[in-house]
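Numbering (our numbering), first residue to last: 1194 to 1534. Reading through the structure tokens given below for one structure.
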């Protein structure tokens, strides 16, 4: 299948003033997709002069080695210097491919907005907040009561969509819409589907009530958008084959325990790693999530909040290897003049 890309031509204008750069960071810009290895993505990129590239988790995984150059502490807090360092660092940082990121986000999500065609108000969409889980191929599983309006809507018209926000509190973070057809789960598949659903919702005792049925949304295509209301607006689309063939990142399943441990017991170590990796002396660093290629942080810098991508020196093979990589990064940071005063 041919790759289809739509890119805005680069505009090589001078960098923006640092004050405008920081203003963009405080609005939590999220993603700037780059070209992936997916067969038919469509990406939209802003002109180069507006590419702040702060925490773009949907950019292509990069094999570019991380720079080991570290600047002396006296220089790192200069505004224009910090802008250049952060931009260069984020452009080179390794990330999951867009379709892997989307597949991973949906697999770890548990709630979204189901949109159906209203049976009562013909032609109008009806939205409902629903819990869901993903099957092994990424198809969303829902447990719906036959008494619910959305169940009646789906019986009349199975076409629907499921909207999921990676961070519901941050409107500029990734938002995914999966379009598909709702199909009832057969009796033969019911037990396997029930197990998959309860794995994500262990307290959902009500799924065994007599009026509840399992349905699956068979994906037709998946769209995402990120960086809304910032200079980092990006979007893309994948068909069902691309989406289903993508793999969930194997390290992401350990993200919560790793980040909880680091934020609770090693916040200063995370800060030291961020400072060493970016060559910018941040005031604080809170680890958000982890995958095979690195982790994302929310960092404080001169009274502002930045989202940054911190790449591992190499791909992590398992949970134990993540610890090994973090220790290696911390040792490098502690041996640097940037983190010692």
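Yeah, the Cβ is synthetic: ideal placement off N, Cα and C, and Gly gets one too. Just so we're clear, the structure is a prediction, and the values are computed from it rather than from any experiment.
Test item: CB-CB of residue i and residue j under 7 Å
i            : j            : result
residue 1375 : residue 1334 : no
residue 1418 : residue 1428 : yes
residue 1498 : residue 1480 : no
residue 1292 : residue 1434 : no
residue 1505 : residue 1493 : no
residue 1442 : residue 1337 : no
residue 1437 : residue 1330 : yes
residue 1389 : residue 1469 : no
residue 1535 : residue 1326 : With the chain covering only 1194 through 1534, there is no way to say anything about residue 1535.
residue 1413 : residue 1373 : yes
residue 1378 : residue 1369 : no
Beta-carbon proximity list for residue i, same chain, < 8 Å, skipping 5 on both sides
i            : result
residue 1322 : 1304, 1305, 1306 and 1307
residue 1536 : This structure leaves residue 1536 out entirely; the chain is present only between 1194 and 1534.
Residue i - partner residues in DSSP beta bridges
i            : result
residue 1411 : 1374
residue 1348 : Residue 1348 pairs with nothing; no bridge assigned.
residue 1369 : 1357 and 1417
residue 1503 : 1488
residue 1494 : 1497
residue 1480 : 1490
residue 1406 : 1337
residue 1432 : 1414
residue 1308 : 1320 and 1354
Neighbour-count burial assignment, residue i, 16 or more Cβ in a 10 Å radius
i            : result
residue 1528 : exposed
residue 1349 : exposed
residue 1430 : buried
residue 1283 : buried
residue 1297 : buried
residue 1496 : exposed
residue 1520 : exposed
residue 1320 : exposed
residue 1294 : buried
residue 1287 : buried
residue 1500 : buried
Beta-carbon contacts of residue i that lie in its chain and below 7 Å, excluding the five residues immediately before and after
i            : result
residue 1421 : 1364 and 1365
residue 1475 : 1464, 1467, 1468, 1492, 1493 and 1494
Own chain partners of residue i with C-beta closer than 6 Å, once the 5 adjacent residues on each side are dropped
i            : result
residue 1275 : 1473
residue 1317 : 1311
residue 1485 : 1442, 1444, 1508 and 1509
residue 1448 : 1482 and 1483
residue 1360 : 1366
residue 1478 : 1463, 1464, 1467, 1490 and 1492
Ranges of the alpha helix (DSSP H) found wholly within the segment 1318-1362, counting only runs of at least 4 | You should have 1342-1349.
What alpha helix (DSSP H) runs, 4 residues minimum, are completely inside the segment 1446-1476?
-> 1448-1458 and 1460-1471
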